[in-house]
Amino acid sequence: MMLITLPPDYRPSDDEEFMSPRQQEYFRQKLRKWRLELLREAGDTLASLSAGGITEADLTDRASVETDRALELRTRDRARKLISKIDQALERIENGTYGYCEETGEPIGLRRLEARPIATLSIEAQERHERMERIHRDD
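Heads up, this note's numbering is the position in the sequence shown plus 923, with the first residue counted as 1.
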């Protein structure tokens, strides 16, 4: 694997070849950084969850603590799913399919990837999916 060093102010642009080695490295770093942040947050959540049982005698306080815990667990679950999607995106960078729509094979587009680096569908394909979901949900 070739080592690519990006200038600190590098941003992918449409004047370059789409998913050039520099762009791939940019998104690789962006995804890894995001993954680390999620893992760090999960570690903090775990520490606060294991910090002790519910010791509040007052029922209202207890309910409040239980609600907080349920919310933390839901947040952790969402983070776990995100980390899995980030891992899949990193895998797509390795195998050369990152940045291309799973459905049409068209480039997803830099603006969309910048906003949602784990995107697997172009905006058009995503909108088609959402329309189909709405139609089937209304059945």
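By construction, the Cβ of each residue, glycine as well, lies at the ideal position given by its N, Cα and C atoms.
Minimum C-alpha distance to residue i - residue among the options
i: Asn1018; options: Leu982, Pro944, Asp991; result: Pro944
i: Arg1034; options: Ser936, Asp932, Pro930; result: Ser936
i: Ile1041; options: Leu926, Ala986, Gln952, Glu939; result: Gln952
i: Leu962; options: Leu1005, Leu1044, Ile1016, Ile1031; result: Leu1005
Rounded separation between residue i and residue j - CA only
i: Leu1063; j: Tyr1021; result: No answer is possible for residue 1063: the residues shown for the chain start at 924 and end at 1062.
i: Glu1050; j: Arg1057; result: 11 Å
i: Asp1061; j: Ala1048; result: 20 Å
i: Ile1046; j: Gly1028; result: 12 Å
i: Arg1001; j: Leu954; result: 16 Å
Cβ-based burial, residue i [other Cβ within 10 Å; buried from 16]
i: Ser1007; result: exposed
i: Thr998; result: exposed
First and last residue of the uninterrupted alpha helix (DSSP H) at residue i
i: Asp1010; result: 982-1018
i: Leu1044; result: Note, Leu1044: premise wrong, no alpha helix (DSSP H); not H, not E.
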